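Protein chains in written order, with our numbering: chain A, 68 to 433; chain B, 2 to 46.
Have a look at the structure below, then the notes.
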């Protein structure tokens, strides 16, 4: 007690213990200073992101297309264990809430991600967990269906990112201006995608065949630089009338996938992969986004020919469920590439009817 | 999450041009679309 009293009354002793009056002041402000600096840094990063997004939005309004530009954040994302993070998120969101708490949680979610709660088929209190709420069904009649027999309808709710016809060698889809990926790499190299070898195409079009010298040059380059897999896709072109459509689902959207037409699913492929975010920013900064991410591909035939639907998972939404194959589990600890022929498995009803009451599958948290 | 749809659309047999597709998208990039709404249409050949 006497020591503390001395310390309080004698400024010299106090200074000798604290290492001088300046240091004492420094220690007092050390923690708030660090907190302030961190907050300032986070604020600056957020402001910069908002500024960038606004610039992108302004450019889009002017009709200027944003080009592919990888950044440090994209490289940093490659280091994160996004699959494990998604599994933890899936586990956390499958925890059941007390009934009184459910409406508050789901309303907060809906406010954050602009979901329309009036469309939900059940009262909010009946969804036991956020995971269950995320794949909620809709009230009857909330999605009018276009029954025109000469129309292909959307299988999901979302924003159209790309549409077009597959043309040219390699059949590529543009991820963003300046970067494209081949459809074969998305659907699988052994997909049934109707392609014509370039030689056959020339014969079909009645074009003159290349001279022997040109042929030799082509084979030299292809042998030297290309792997057999690349060579296969590089020499083939899609048949006439092959189209694609890329639809992005925001977190607040209805997350069930329906059948766009009446079709027979022949093969299901599961590609175990990364779980990068799939938002607009990610599409213009991360290379091969759709080809690298976890996905399930359904391939089959409809009355007009080939049809494939690829459901690509994203961060925290890597659990893709299929009604025609309930045992399928995605984003598991072990990575795998797995093909399942749905034709051979008699227990499966591989025929997906156009927009019937039952959906084909769903994206879920996890 | 994202869905990529790849499909073969109806074609018309044209003696002059060979096979010709008459499928047209009724949506464009940036459009919001909902389940059951038309993506594209074609005319009966």
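Each residue gets a CB set at the ideal place from its N, CA and C atoms; glycine is no exception.
Remember, it's a predicted structure, so these values are computed and weren't measured experimentally.
Residue environment, residue i, which counts as buried when at least 16 other CB atoms sit within 10 Å
i	result
residue 5 of chain B	buried
residue 337 of chain A	buried
residue 183 of chain A	exposed
residue 327 of chain A	buried
residue 115 of chain A	exposed
residue 392 of chain A	buried
residue 166 of chain A	exposed
residue 382 of chain A	buried
residue 117 of chain A	exposed
residue 426 of chain A	buried
residue 400 of chain A	exposed
Neighbour flag for residue i against chain B, beta carbons, 8 Å
i	result
residue 211 of chain A	yes
residue 314 of chain A	yes
residue 158 of chain A	no
residue 275 of chain A	At residue 275 of chain A, the pLDDT of 36 sits below 50, so the modelled position is not reliable and the matter cannot be decided from this model.
residue 226 of chain A	yes
residue 270 of chain A	Because the pLDDT at residue 270 of chain A is just 44, under 50, the model does not fix this residue reliably, and the point stays unresolved.
residue 384 of chain A	yes
residue 194 of chain A	no
Close Cβ partners of residue i (< 6 Å) along its chain, the five nearest in sequence each way excluded
i	result
residue 135 of chain A	243, 245, 246 and 351
residue 204 of chain A	188
Below-8 Å beta-carbon distance, residue i vs any chain A residue
i	result
residue 38 of chain B	yes
8 Å Cβ cutoff met for residue i and residue j
i	j	result
residue 230 of chain A	residue 30 of chain B	yes
residue 221 of chain A	residue 13 of chain B	no
residue 429 of chain A	residue 314 of chain A	no
residue 304 of chain A	residue 238 of chain A	yes
residue 186 of chain A	residue 161 of chain A	no
residue 37 of chain B	residue 26 of chain B	no
residue 358 of chain A	residue 253 of chain A	yes
residue 435 of chain A	residue 43 of chain B	Lying outside 68 to 433, the shown extent of chain A, residue 435 of chain A is not represented and no answer is given.
Contacts that residue i makes with chain B (C-beta to C-beta distance below 9 Å)
i	result
residue 229 of chain A	5 and 30
residue 250 of chain A	5 and 7
Same chain only: Cβ atoms within 7 Å of residue i, ignoring 5 sequence neighbours per side
i	result
residue 194 of chain A	169, 173, 200 and 203
residue 385 of chain A	150, 153, 342, 361, 397, 398 and 433
residue 109 of chain A	none
residue 213 of chain A	220
residue 318 of chain A	180
Any chain D beta carbon closer than 8 Å to residue i
i	result
residue 392 of chain A	In the displayed structure, chain D is absent; the protein chains listed are A and B.
Under 8 Å from the C-beta of residue i: neighbouring residues of chain B
i	result
residue 381 of chain A	2 and 3
residue 215 of chain A	39 and 42
Where residue i meets chain B, residues with beta-carbon distance less than 7 Å
i	result
residue 432 of chain A	Neighbours of residue 432 of chain A on chain B: none; closest Cβ ~10 Å, over 7 Å.
residue 376 of chain A	4 and 6
residue 321 of chain A	36
Beta-carbon contacts of residue i that lie in its chain and below 8 Å, excluding the five residues immediately before and after
i	result
residue 158 of chain A	433
residue 133 of chain A	123, 126, 127, 243, 244 and 351
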